[in-house]
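Colleague: So the sequence shown is numbered by numbering that gives the first Met the number 0: it starts at 0 and just counts up by one. The structure's right below; bear with me while I get my questions together.
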Amino acid sequence: MFVANRSTALSVGIGTLSDYKILLGSQYQVLYRMRDAFYSVADNFTKPGAEITDQLAYLASNRSVMVDFQTTLAAIASLQTVLTTGYTQEYVTLQPRNQSFITDRLTDSFAYINQTLVQLDKTLRQLQTAAAKAQQEAGSNGQTIDMKIVREFISPRLINTLLNAIDQLPGAISPLVYSVHSPLAQLDKADSYISTAKGDIESALLQAHQEVVNFNGNIRQLKQETNDVIATISTAYRDQQTLSVDLLPKLKASVNYQYDLKMALDTFVDVASVPSIEEKTGLLNQTIANYVSNSTTYDDDLVTVYGDRICPAMQAVVQVLIASGPYAAYCYNKYSHRVVDLAIHNFYDIGECYQLELNRLYSVSRLISNLISLVTFNFADLFENLSVCAAIQSCPGDCDPCVDTLGRFLDTLALLMEEKYDLILQIVPYEAKASLQRVKSCAAFSKYKLIADAHDLIKEVYDCESDLHRSREENTAVTAPPSAVKMKHRKETEAPGEYQTGVRFVDKGLTDQLGLR
0 MFVANRSTAL SVGIGTLSDY KILLGSQYQV LYRMRDAFYS VADNFTKPGA
50 EITDQLAYLA SNRSVMVDFQ TTLAAIASLQ TVLTTGYTQE YVTLQPRNQS
100 FITDRLTDSF AYINQTLVQL DKTLRQLQTA AAKAQQEAGS NGQTIDMKIV
150 REFISPRLIN TLLNAIDQLP GAISPLVYSV HSPLAQLDKA DSYISTAKGD
200 IESALLQAHQ EVVNFNGNIR QLKQETNDVI ATISTAYRDQ QTLSVDLLPK
250 LKASVNYQYD LKMALDTFVD VASVPSIEEK TGLLNQTIAN YVSNSTTYDD
300 DLVTVYGDRI CPAMQAVVQV LIASGPYAAY CYNKYSHRVV DLAIHNFYDI
350 GECYQLELNR LYSVSRLISN LISLVTFNFA DLFENLSVCA AIQSCPGDCD
400 PCVDTLGRFL DTLALLMEEK YDLILQIVPY EAKASLQRVK SCAAFSKYKL
450 IADAHDLIKE VYDCESDLHR SREENTAVTA PPSAVKMKHR KETEAPGEYQ
500 TGVRFVDKGL TDQLGLR
């Protein structure tokens, strides 16, 4: 009954190993391959392990005289074979980047289990020999053996040794359960992280693209506002023309009208004409259209850059986590958020590029508005100036000197007006070209900054894993306790095959496997 109870507990422990399942959704194939490898480790152990528990339960319930130990011993041998040679392919998969943290723990767990199996095998063989002797003593006739004979050959100590060996199995399996379940939990965590981080990065990418869309929208609005300002010249000049319509017939009577005054008025008309205005607004429209078309392309490769640069950083964090080293969780918590920060900071950088340039373009728009104000100022007093000469009664005659002087004055103003107005034709393409270059340079800088930051982050992540682990090993070597030195001396002075601790003998070969030397 004791054996049956213990085999039931053992069966539960073995079943626990393969019960833990995770659902992945990130499509990162490394996680899937490692998950399947862990499942394979658990399943390949569970099958022969369950066979051992079944055979132990069968031995406990067997009331026949001739008990078959060989089936149980064969089940133990089968599990030992799996532990020593059955996981070659799984080990290849479970050593990402040649990091052996996982496989080292598995190897140690297998060695620990094998140590217990060796003791169980040894005890069962002793029990088998004792049972055979008892049967032989009883006459080997297949009859029930007298309990006196049984007690003579099968001692309570032997039974207790068997029970202790069975009792040790669940505890021996516990490190293996941890060595499988803990990395599986890391895989699950990595999968969730990838899915969440991808969503955050895609959101940052969309926000960066939206910055460009908003910038282009603001540029178009600024263009329209500037065009509206340019068009005010025509309205302002028509107002002066309307006021002056009754004055011009009298001034045209002057012999001097045909010279400077007429040319000045014609220049005013040309500058304020629809074709002249359309020349400026048309240039502005075309320039802004080209500007928007070109500026939009500066973030076209962000998807590629994010994929080529941020994804490796994310993979670095994930690979350190799933390698399950002693500092895996620490390094993950230290750097996982910084992967998403790469995209967010890039979004901020790009947004700043376009916002700064938009502010500069608003300054250009204000410059054009100031030019329009200066142009308008040149004919703002046209009606009043014409009225001065028109007020002279004798015309032609007395008004001629006034018309001559006014003509030369207005001609100068008209030339200045034309020059200022034509400055728009120079400013718009020049500033647009300079602005595009600034946007391009700023966007390129933000991209290369992202590339450099991602490169540094990847290095820091892997350094976190390796440097902390190396530092730990060095500190352990330097600060080894005195007891370790004494133990080493005791090992060196004892027999080559084994050393004694209390009343237990431990095989040195197994000690080497467990990393205790």
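The C-beta atom is built at its ideal place from N, Cα and C for all residues, glycine as well.
Grab the span of the alpha helix (DSSP H) containing Cys310 for me, first residue to last.
Modeller: Translated into the one-based positions of the sequence shown, residue 310 becomes position 311. Run containing Cys310: 310-322, per the alpha helix (DSSP H) assignment.
Colleague: If I follow the unbroken alpha helix (DSSP H) through Thr241, where does it start and stop?
Modeller: Counting from 1 along the sequence shown, the entry for residue 241 is found at position 242. First-last of the alpha helix (DSSP H) with Thr241: 155-243.
Colleague: So does the stretch 325-335 actually touch the stretch 416-425, counting three or more Cβ pairs closer than 8 Å?
Modeller: no
Colleague: Would you identify the three-state DSSP class for Val66, choosing helix, strand or coil?
Modeller: By one-based count along the sequence shown, residue 66 stands at place 67. Note: Val66 maps to coil in three-state DSSP.
Colleague: Please report the distance separating the alpha-carbon of Glu356 from that of Asp307.
Modeller: Sequence index remark: in the sequence shown, residue 356 carries index 357 (1-based). Sequence index remark: in the sequence shown, residue 307 carries index 308 (1-based). Distance between the alpha carbons of Glu356 and Asp307: 28 Å.
Colleague: DSSP three-state label for Gly406, please.
Modeller: Counting from one through the sequence shown, the residue named residue 406 turns up at place 407. Correct three-state label for Gly406: helix.
Colleague: Any idea what DSSP makes of Pro517, helix, strand or coil?
Modeller: Residue numbering for the chain in the displayed model covers 0 to 516; residue 517 lies beyond these limits and cannot be assessed.
Colleague: With a threshold of 16 other CB atoms inside 10 Å of the CB of Pro248, please say whether the residue is buried or exposed.
Modeller: Taking the first residue of the sequence shown as position 1, residue 248 is located at position 249. Classification for Pro248: exposed.
Colleague: Determine the contact status of Ser364 and Thr225, defining contact as a CB-CB distance below 7 Å.
Modeller: Along the sequence shown, one-based indexing puts residue 364 at 365. Along the sequence shown, one-based indexing puts residue 225 at 226. For the 7 Å CB-CB criterion, Ser364 and Thr225 form a contact.
Colleague: Along the chain, where does the alpha helix (DSSP H) containing Val268 start, and where does it finish?
Modeller: Residue numbering aside, residue 268 sits at position 269 when the sequence shown is read from its first letter. Counting along the chain, the alpha helix (DSSP H) containing Val268 begins and ends at 261-271.
Colleague: Within a Cβ cutoff of 7 Å, which residues of the same chain sit near Ile343, ignoring the five residues on either side of it in sequence?
Modeller: Within the sequence shown, residue 343 is the residue found at index 344, counting from 1. Within its own chain, the residues whose Cβ lies closer than 7 Å to the Cβ of Ile343, once the five positions on either side in sequence are excluded, are Ala203, listed in chain order.
Colleague: Can you tell me which of the three DSSP states Ala413 falls into?
Modeller: Along the sequence shown, one-based indexing puts residue 413 at 414. If DSSP states are grouped into helix, strand and coil, Ala413 belongs with the helices.
Colleague: Is Leu370 a contact residue of the ligand NAP, with contact defined as CB to any heavy atom under 6 Å?
Modeller: Inclusion of the ligand NAP in the displayed structure is not the case, the ligand content being empty and no account of it being possible.
Colleague: Using a threshold of 7 Å, state whether the C-beta atoms of Leu16 and Thr52 are closer than that.
Modeller: The residue labelled residue 16 in the question sits at position 17 within the sequence shown. The residue labelled residue 52 in the question sits at position 53 within the sequence shown. Taking 7 Å as the Cβ cut-off, Leu16 and Thr52 do not qualify as a contacting pair.
Colleague: The alpha helix (DSSP H) that contains Gln114, what's its start and end?
Modeller: Here residue 114 refers to the residue found at position 115 of the sequence shown. Note, Gln114: alpha helix (DSSP H), 100-136.
Colleague: Using C-beta distances below 7 Å, list every residue in its chain close to Glu430, excluding the 5 sequence neighbours before and after it, in chain order.
Modeller: Within the sequence shown, residue 430 is the residue found at index 431, counting from 1. Counting only Cβ-Cβ distances below 7 Å, and skipping sequence neighbours, we find Val363.
Colleague: The alpha helix (DSSP H) with Ile391 in it runs from where to where?
Modeller: For the purposes of this step, residue 391 is identified with residue 392 of the sequence shown, where counting begins at 1. Per DSSP, Ile391 belongs to no alpha helix (DSSP H) and is neither H nor E.
Colleague: Which value, in whole angstroms, describes the spacing of the CA atoms of Ser445 and Ala271?
Modeller: For this step, residue 445 is matched to residue 446 along the sequence shown. For this step, residue 271 is matched to residue 272 along the sequence shown. Each residue's Cα considered, the two are about 45 Å apart.
Colleague: Could you give the C-beta distance for Leu250 and Leu242, rounded to a whole number, given that I count them as a contact under 8 Å?
Modeller: Here residue 250 is taken as the residue at index 251 of the sequence shown, counted from 1. Here residue 242 is taken as the residue at index 243 of the sequence shown, counted from 1. Contact flag wrong, Cβ pair sits at about 14 Å.
Colleague: Can you check which of these residues, Leu119, Ser77, Gly170, is closest to Ile158 by C-alpha distance?
Modeller: Working through the sequence shown from its first residue, we reach residue 158 at position 159. Checking every option, the nearest Cα to that of Ile158 belongs to Leu119.
Colleague: Inspect the CB distances between the stretch 304-318 and the stretch 192-211 and report whether three or more fall short of 8 Å.
Modeller: Two segments are said to touch when three or more pairs of C-beta atoms, one from each, lie closer than 8 Å; by this definition the stretch 304-318 touches the stretch 192-211.
Colleague: By the 10 Å Cβ neighbour count, where 16 or more other Cβ atoms means buried, how is Glu210 classified, buried or exposed?
Modeller: By one-based count along the sequence shown, residue 210 stands at place 211. Looking at its Cβ environment, which holds 16 or more other Cβ atoms inside 10 Å, Glu210 is buried.
Colleague: Measuring straight from C-alpha to C-alpha, what distance separates Thr70 and Ala59?
Modeller: Within the sequence shown, numbered from 1, the residue matching residue 70 stands at position 71. Within the sequence shown, numbered from 1, the residue matching residue 59 stands at position 60. Our two residues, Thr70 and Ala59, have alpha carbons roughly 14 Å apart in a direct line.
Colleague: Do Ala322 and Pro95 come within 7 Å of each other at the CB atom, strictly closer than that value?
Modeller: If you number the sequence shown from 1, residue 95 lands on position 96. If you number the sequence shown from 1, residue 322 lands on position 323. In this structure, Ala322 lies closer than 7 Å to Pro95 by Cβ.
Colleague: How about Leu75 and Gly48: do their beta carbons lie closer than 7 Å?
Modeller: Looking up residue 75 in the sequence shown gives position 76. Looking up residue 48 in the sequence shown gives position 49. A quick correction: the sequence has Ile, not Leu, at residue 75. Not a contact, by the Cβ cut-off of 7 Å.
Colleague: What's the C-alpha gap between Ala131 and Tyr90?
Modeller: Here the question's residue 131 lines up with position 132 in the sequence shown. Here the question's residue 90 lines up with position 91 in the sequence shown. Ala131 and Tyr90: Cα-Cα distance of roughly 42 Å.
Colleague: At which residues does the alpha helix (DSSP H) containing Leu250 begin and terminate?
Modeller: Numbered from 1 along the sequence shown, position 251 holds the residue referred to as residue 250. Leu250 -> alpha helix (DSSP H) spans 247-251.
Colleague: Locate the alpha helix (DSSP H) running through Arg34, then write down its first and last residues.
Modeller: Locating residue 34 in the sequence shown gives position 35, counting from the first residue. Element bounds for Arg34: 28-60.
Colleague: Quick test of your reading: Lys448 and Asp348, contact by CB under 8 Å. State the CB separation rounded to the nearest angstrom.
Modeller: Looking up residue 448 in the sequence shown gives position 449. Looking up residue 348 in the sequence shown gives position 349. About 7 Å; that satisfies the 8 Å criterion.
Colleague: Given His180, which residues of its chain have a CB within under 6 Å of its CB, disregarding the five upstream and five downstream residues?
Modeller: Working through the sequence shown from its first residue, we reach residue 180 at position 181. Tyr19, listed in sequence order.
Colleague: Taking C-alpha atoms, which residue in Thr115, Val149, Gln285, Val228 lies nearest to Thr375?
Modeller: Start at 1 with the first residue of the sequence shown, and residue 375 comes out as number 376. Minimum Cα distance to Thr375 is reached at Val228.
Colleague: Do you know offhand how far Arg32's Cα is from Asn97's?
Modeller: Taking the first residue of the sequence shown as 1, we reach residue 32 at position 33. Taking the first residue of the sequence shown as 1, we reach residue 97 at position 98. Those two C-alpha atoms are separated by around 15 Å.
Colleague: If we call anything under 7 Å between Cβ atoms a contact, is Leu253 one with Pro395?
Modeller: The count along the sequence shown starts at 1 and reaches residue 253 at position 254. The count along the sequence shown starts at 1 and reaches residue 395 at position 396. The amino acid at residue 253 is misidentified as Leu; the sequence shows Ser. For Ser253 and Pro395, yes; Cβs fall inside 7 Å.
Colleague: Using a Cβ-Cβ cutoff of less than 8 Å, which residues in the same chain neighbour Val339 once the five nearest sequence positions on both sides are dropped?
Modeller: The count along the sequence shown starts at 1 and reaches residue 339 at position 340. Within the same chain, Val339 has close Cβ partners Ala196, Asp199, Ile200, Ala203.
Colleague: If you follow the alpha helix (DSSP H) that Thr303 is part of, which residue opens it and which one closes it?
Modeller: The count along the sequence shown starts at 1 and reaches residue 303 at position 304. Per DSSP, Thr303 belongs to the alpha helix (DSSP H) from 301-304.
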